[in-house]
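Chemist: In the order they appear, the protein sequences are chains A and B.
Everything in the first sequence is counted per UniProt numbering, starting at 1 for the first residue and increasing by one.
Everything in the second sequence is counted per UniProt numbering, starting at 1 for the first residue and increasing by one.
Here a beta-carbon is modelled for each residue, glycine too, at the ideal position from N, C-alpha and C.
This structure is a prediction, so every number in the text was calculated from the model and none was measured.
There are 2 protein chains.
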Amino acid sequence: MNDLLRYFQRELPAINDFLDAEADLLNGLVRDVAKHIIGSGGKRIRPMLTLLFARSLGYGKDDYLAIACALELLHSATLLHDDFLDDAELRRGKVASHLKFGRTETILAGDALLALANEMGARYGNARLSWLLARGIMETAVGEIEEIEFSKKPSLDRERYMRIIIGKTARLIECACRCGAALAGATPEQEDAAGEYGLNLGIAFQLVDDALDYASPTSETGKPEGGDLREGKVTLPLILLMEDGDEAGRESLLEGLQDGSLTASQCEAVLEQVREGRYSEKTRDEASAYVEKAKACLDGFPPGEELTVLKQAADFVLTRTK
Amino acid sequence: MNDLLRYFQRELPAINDFLDAEADLLNGLVRDVAKHIIGSGGKRIRPMLTLLFARSLGYGKDDYLAIACALELLHSATLLHDDFLDDAELRRGKVASHLKFGRTETILAGDALLALANEMGARYGNARLSWLLARGIMETAVGEIEEIEFSKKPSLDRERYMRIIIGKTARLIECACRCGAALAGATPEQEDAAGEYGLNLGIAFQLVDDALDYASPTSETGKPEGGDLREGKVTLPLILLMEDGDEAGRESLLEGLQDGSLTASQCEAVLEQVREGRYSEKTRDEASAYVEKAKACLDGFPPGEELTVLKQAADFVLTRTK
């Protein structure tokens, strides 16, 4: 992982500076919200992927920051609206924006970051980039909506779960990879390979996120353990548990999730079952298959530092603990 | 106004059908919200302006609907978020979406319509169109934010009022006009002239809107008379009244607006002063100057049905009573 760390350490300052400078230009009503969400320690995976694919395909210009950072701002915008609609209290271990700054400031900051991201992508006068970004925004909006719809009427439908994690997470990561390729003037085949890598990486990333929710102590993730369960969110560890359980247990759990009637001790019992059945680990195993698929998409890319880092990034998704 | 009415009657069905068809494709959670706001009787000024400028510059293809309707959807998206943040009860005489469908559905429908509009504009693979749309979205977001910031700390600053109505209304109308020109492959000069027309028309449109708020009975506008005053919004009729009044009156009114302490009888007294001083009519007079500026921008456009309708549209902005 040394190349990955070195690459990130070298490139992150420019990305963070660019994000800060753009946020500084926003109106005072939303500027602090934007700086709070940007400064709350995201991993910057999306802008790094844009940069990595652009460079791996030979892009040498240093004007990549606007499109790379656009992907991060889109992600930030969705977090702001999601946390408000979820009544979330924490984000990355810090108090959620709507509680710190107010609902008006948070909704408008989400709108402003979405608009800014889109405008940053349009600065290149590159119709392909604008199209990719527009589609990524649309798919992410659809994913958010499907996730909230699902949480209102949860089921143990794996196919639906997969569609939701693709929509809410993987499509934007795919978009980040495609944008890097498009910036470098990639062939359609190269852009598709970059997109496939991103899609599979994004699925693995979200699977690991959902596994960590059941496995990681609060101090590492900044979120309470079993938070998804407590919020009534159905994710893969729970689906796997239910697939192994009996019909009666499934129905009573689903009912409890749907009407929010699970008691603290019922939640504890489910968390214990997930631990005993190693369903968090089994979710990681599924993620592992997607990581392998992602790496296979890199076969046609030229060897070099970026290729090494892209492979290590795929592995890192699996091994991260927060 | 006969040409204007005939043109609108002929072209509106295709625009409304397209908007309906796009809304039908949205996820069930937000579809009804989208159909409610789209079906609540907007004037479709933005898509008509796109169409009029495209055709006036010789555009003959019938693929104009996606970009024209994108402008209407952007406008709808901002209405959804604005009404929620304003705690508005009515929109065009109907119950506001967040009260009818809920906050989650309304915020997400706004996000989805914004994303869809952007994606519709990107379908052409025309980098200029994507850029114009991205800038229009950004300017509108900034305008919304400035308006809400202004309402939290109102002042009688005309310059600031003008900047806000340009941001929240006129820029998107400018954008609609520019998009029509860009679709037709206009020269930069032609696009600028179309944009100037739209900017001035948009300013006039908002001035008349603000005048109507003080002058029009609820049954015509679908909004309560003097609603802006009751909500603590400072618009031109009030600025004109204050400019003619004394320092003490100004300060006490501003204070009442800011802390929401105006009583019903104080509001009535202000409404009466606005009526007596004809400040609503004086606001219309200012609008009239912008209408003239807008029409002057049309000088270089070729004669024809579209030019006639664009001129009548400018006049109509002044004469409308709702």
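Could you confirm whether any beta carbon from chain A is found closer than 7 Å to the beta carbon of B:G125?
Modeler: Yes, contact with chain A.
Chemist: Just by C-beta distance, which residues in the region 144-170 of chain A are closer than 7 Å to chain B?
Modeler: Hits within the stretch, in order: E144, I145, E146, I148, E149.
Chemist: Taking B:D17 as the reference, give the member of B:G300, B:L65, B:G198, B:Q258 with the closest Cα.
Modeler: Selected option, being the one with the closest Cα: B:L65.
Chemist: Could you tell me how far apart the beta carbons of B:P154 and B:Q258 are, in whole angstroms, since I believe they sit closer than 8 Å?
Modeler: Rounded, the Cβ-Cβ distance is 6 Å, consistent with contact.
Chemist: Contact criterion: CB-CB distance below 7 Å. Does B:T104 meet it with respect to chain E?
Modeler: The structure shown has no chain E; the protein chains it does contain are A and B.
Chemist: Using a Cβ-Cβ distance cut-off of 7 Å, determine whether B:E247 contacts chain A.
Modeler: Closer than 7 Å: no.
Chemist: Under 8 Å Cβ to Cβ from A:E191, same chain only, skipping five residues before and after it: list those, please.
Modeler: R178, A181, A182.
Chemist: Which partner residues of B:V95 appear in the DSSP bridge assignment?
Modeler: According to DSSP, which records beta bridges pairwise, B:V95 is partnered with B:L90.
Chemist: Quick check on the DSSP output: the alpha helix (DSSP H) that includes B:F150 runs from which residue to which?
Modeler: Unbroken alpha helix (DSSP H) run through B:F150: 127-152.
Chemist: Could you check whether the Cβ of A:V33 sits closer than 7 Å to any Cβ belonging to chain B?
Modeler: No, its Cβ sits nowhere closer than 7 Å to a Cβ of chain B.
Chemist: Starting from B:C179, follow the alpha helix (DSSP H) in both directions and report where the run begins and ends.
Modeler: Note, B:C179: alpha helix (DSSP H), 171-183.
Chemist: I'd like the span of the alpha helix (DSSP H) that includes A:G277, first residue to last.
Modeler: From DSSP, A:G277 is part of no alpha helix (DSSP H); its letter is neither H nor E.
Chemist: Within 8 Å, do at least three Cβ pairs link the region 121-137 of chain B to the region 58-78 of chain B?
Modeler: The region 58-78 of chain B vs the region 121-137 of chain B: in contact.
Chemist: Comparing C-alpha positions only, which one of B:A289, B:H81, B:N2 sits nearest to B:L201?
Modeler: Minimum Cα distance to B:L201 is reached at B:A289.
Chemist: Quick one: which chain A residues come within Cβ less than 7 Å of B:A141?
Modeler: By Cβ distance, chain A contributes D111, A112, A115.
Chemist: Helix, strand or coil: which one does DSSP assign to A:C267?
Modeler: Residue state, collapsed to three classes: helix.
Chemist: With a threshold of 8 Å on Cβ separation, who are the neighbours of B:E11 within its own chain once the five nearest residues in sequence on each side are excluded?
Modeler: Cβ within range, chain order: M48, L51.
Chemist: For B:D157, tell me which candidate among B:L4, B:A96, B:L241 has the shortest Cα-Cα distance.
Modeler: The residue with the shortest Cα to Cα distance from B:D157 is B:L241.
Chemist: What number of angstroms, rounded off, separates the C-alpha of B:E255 from the C-alpha of B:E243?
Modeler: The straight-line gap from Cα to Cα measures roughly 16 Å.
Chemist: For A:A314, which residues of its own chain have a beta-carbon under 7 Å away from its beta-carbon, when the five flanking residues on both sides are left out?
Modeler: Excluding sequence neighbours, A:A314 sits near L201, V291, A294, K295.
Chemist: Buried or exposed: where does A:L25 fall if 16 or more other Cβ atoms within 10 Å of its Cβ makes it buried?
Modeler: Its Cβ having fewer than 16 others within 10 Å, A:L25 is exposed.
Chemist: Using a Cβ distance threshold of 8 Å, determine whether the region 142-153 of chain B contacts the region 27-41 of chain A, with at least three qualifying pairs required.
Modeler: The region 142-153 of chain B vs the region 27-41 of chain A: in contact.
Chemist: Mind checking whether the beta-carbon of A:K152 lies closer than 6 Å to any heavy atom of the ligand NAD?
Modeler: In the structure on display, the ligand NAD does not appear, and there are no ligands present to speak of.
Chemist: Kindly list, in the order they appear in chain A, the residues whose Cβ is closer than 9 Å to that of B:V234.
Modeler: Result: empty, since nearest Cβ-Cβ is about 16 Å, beyond 9 Å.
Chemist: So B:I37 contacts chain A; which residues on that side make the cut at Cβ distance below 9 Å?
Modeler: Correct list: empty, because the minimum Cβ distance to chain A is about 16 Å.
Chemist: Quick one: is A:D63 buried, meaning 16 or more other Cβ sit within 10 Å of its Cβ, or exposed?
Modeler: Burial call: exposed.
Chemist: What are the residues in the region 192-210 of chain B lying within 7 Å of chain A by C-beta distance?
Modeler: Cβ contacts with chain A come from no residue of the region 192-210 of chain B.
Chemist: If the cut is a Cβ gap below 7 Å, which residues of chain B does residue 324 of chain A touch?
Modeler: No information on residue 324 of chain A is available, as it lies outside the stretch 1 to 322 that chain A covers here.
Chemist: Please report the Cβ distance between A:S56 and A:L307, rounded to the nearest whole angstrom; I am assuming they are in contact, meaning their Cβ atoms lie under 8 Å.
Modeler: With a Cβ gap of about 6 Å, A:S56 and A:L307 count as contacting.
Chemist: Please identify, using Cβ separations under 7 Å, the residues of the region 58-92 of chain B that lie next to chain A, in order along the chain.
Modeler: Per Cβ criterion, the list reads H81, L85.
Chemist: Can you tell me where the alpha helix (DSSP H) with B:E196 in it begins and where it stops?
Modeler: Per DSSP, B:E196 belongs to the alpha helix (DSSP H) from 188-215.
Chemist: Could you tell me whether any Cβ in chain A is nearer than 7 Å to the Cβ of B:V30?
Modeler: So yes, B:V30 belongs to the interface.
Chemist: State the start and end residues of the unbroken alpha helix (DSSP H) segment that holds B:Y161.
Modeler: Unbroken alpha helix (DSSP H) run through B:Y161: 158-165.
Chemist: With a cut-off of 8 Å, do at least 3 Cβ pairs link the region 232-239 of chain B to the region 266-282 of chain B?
Modeler: The region 232-239 of chain B vs the region 266-282 of chain B: in contact.
Chemist: Taking A:A186 as the reference, which of A:A14, A:T321, A:F53 has the closest Cα?
Modeler: Of A:A14, A:T321, A:F53, the residue nearest in Cα terms is A:F53.
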